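J.: Residue numbers (our numbering), protein chains in the order written: chain L, 36 to 212; chain F, 36 to 212.
#1: Kindly confirm or deny that the region 97-106 of chain F and the region 86-99 of chain L touch, where touching means at least three C-beta pairs closer than 8 Å.
#2: In the DSSP assignment, find the beta strand (DSSP E) that holds residue 46 of chain F and state where it starts and stops.
#3: When the Cβ atoms of the region 114-126 of chain F are set against those of the region 42-53 of chain L, are three or more pairs found closer than 8 Å?
#4: Would you give the residue range spanned by the beta strand (DSSP E) that residue 207 of chain F belongs to?
#5: Secondary structure at residue 116 of chain L, three-state DSSP: helix, strand or coil?
#6: Spell out whether any CB of chain F is found under 8 Å from the CB atom of residue 200 of chain L.
#7: Please classify residue 128 of chain F as buried or exposed, where buried requires at least 16 other C-beta atoms within 10 Å of its C-beta.
#8: So with Cβ pairs under 8 Å, would you call residue 173 of chain L a contact of chain F?
#9: Please give the ranges of any alpha helix (DSSP H) in the region 114-178 of chain L, keeping only runs that are unbroken, at least 4 residues long and fully inside the region.
#10: Whole angstroms are fine: how far does the CA of residue 94 of chain F sit from the CA of residue 162 of chain L?
#11: For residue 38 of chain L and residue 175 of chain F, what's the separation of their Cα atoms in angstroms?
#12: Answer yes or no: do residue 183 of chain L and residue 157 of chain L have a C-beta to C-beta separation smaller than 8 Å?
#13: Which stretch, first to last residue, makes up the beta strand (DSSP E) that contains residue 90 of chain L?
#14: With DSSP run on the structure shown, which of helix, strand or coil describes residue 85 of chain L?
#15: Less than 6 Å between C-beta atoms, sequence neighbours within five positions excluded: which residues of the same chain meet that for residue 173 of chain L?
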């Protein structure tokens, strides 16, 4: 598994008991990075075409989202933390383990009815992805698929998002490890 | 000027008197985004080749840096805000208008002696770029060039960085506007 083997596991980050799956070792390797982007590109050219624009979630989602916008010839829309986008935005609050966070999208990020591919590095609880999809829908977009490098199905995000009707794609999984 | 005309100016953001140059309108347009990445790619294939890896500054630098890593066949290294990288890091503090900020890089981001192309969206005071270069040098890298979409030469960052010996490339400028 040339992708999975390039991902570093950092124990007890950001806190005791968490096995953090660190994609920086994958993407600092030119072969690893290319493999990730080529896999996504093949999928969205061949198996799941039919979208208009790519949205990436701050911050790691910007790395893959930027590369994919190039390979697929689409524009790129950043979904950012509160206060980081300069023009008119819509906001979405979502729950963290302790407290809440807010993400935002520009109101004019794309035209009404746009079909949007949502990109991030890792799917755990799915809270951020769900909030990002809500933002896309608030401004009239439709999420065609959510694309991740890593899925952690044990954490439950995949099941939760599928229950809401979202299509999920990931390149590798860590399960019960 | 197909790049400059796609950049939106937001007056009084993030505070009164600042004319914020917003690249989101440029990159959400597939033609604009492709133009930016093709221009950078041509430069780093033809005029300034000879580097080993690309470093992008959080967060907007990740968008262009990710795309360029793909087109140029290099790995990508994220330079992030304090506390965001999970493994061993080195840190660099730098001055903001009020107070200071800290950015970090993984100690094992690249091997000693690596030649690094540094990418961000906009050059103003040059404070962040200078701190990012310091990080790269602390772990044994050499900055071959700093690449930006937008340069604001009036703010003085370009002059400051060139005085320190850094090579600067930008695709467009806003001056006295």
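Just so you know, even glycine gets a beta-carbon here, dropped at the ideal spot from N, CA and C.
On a predicted model such as this, the values are computed, not experimentally measured, just so you know.
T.: Reading off the structure:
#1: The region 97-106 of chain F, when compared against the region 86-99 of chain L, does touch it at the 8 Å Cβ threshold.
#2: For this step, residue 46 of chain F is matched to residue 11 along the second chain. If you look at residue 46 of chain F, you'll find it in the beta strand (DSSP E) that goes 43-46.
#3: The region 114-126 of chain F, when compared against the region 42-53 of chain L, does touch it at the 8 Å Cβ threshold.
#4: As a working note, residue 207 of chain F is residue 172 in the second chain. Residues 203-208.
#5: Start at 1 with the first residue of the first chain, and residue 116 of chain L comes out as number 81. In the three-state reduction of the DSSP assignment, residue 116 of chain L falls in the strand class.
#6: For the purposes of this step, residue 200 of chain L is taken as the residue at position 165 of the first chain. No - not a single Cβ of chain F is within 8 Å of the one on residue 200 of chain L.
#7: Indexing the second chain from 1 puts residue 128 of chain F at position 93. Exposed is the label assigned to residue 128 of chain F, since fewer than 16 other Cβ atoms lie within 10 Å of its Cβ.
#8: Taking the first chain and counting its residues from 1, one reaches residue 173 of chain L at position 138. It does not: the Cβ of residue 173 of chain L has no partner Cβ on chain F nearer than 8 Å.
#9: Runs of the alpha helix (DSSP H) inside the region 114-178 of chain L: 162-173.
#10: As a working note, residue 162 of chain L is residue 127 in the first chain. As a working note, residue 94 of chain F is residue 59 in the second chain. Taking the Cα positions, residue 162 of chain L is about 20 Å away from residue 94 of chain F.
#11: In the first chain, residue 38 of chain L corresponds to position 3, counting from 1. In the second chain, residue 175 of chain F corresponds to position 140, counting from 1. Those two C-alpha atoms are separated by around 27 Å.
#12: Here residue 183 of chain L corresponds to residue number 148 of the first chain, with the count starting at 1. Here residue 157 of chain L corresponds to residue number 122 of the first chain, with the count starting at 1. Contact flag set, yes.
#13: If you number the first chain from 1, residue 90 of chain L lands on position 55. Unbroken beta strand (DSSP E) run through residue 90 of chain L: 88-92.
#14: Stepping through the first chain from its first residue, residue 85 of chain L is reached at position 50. When secondary structure is reduced to three states using DSSP, residue 85 of chain L falls in the coil class, being assigned neither helix nor strand.
#15: Residue 173 of chain L sits at position 138 when you count from the first residue of the first chain. Same-chain partners within the cutoff: 125.
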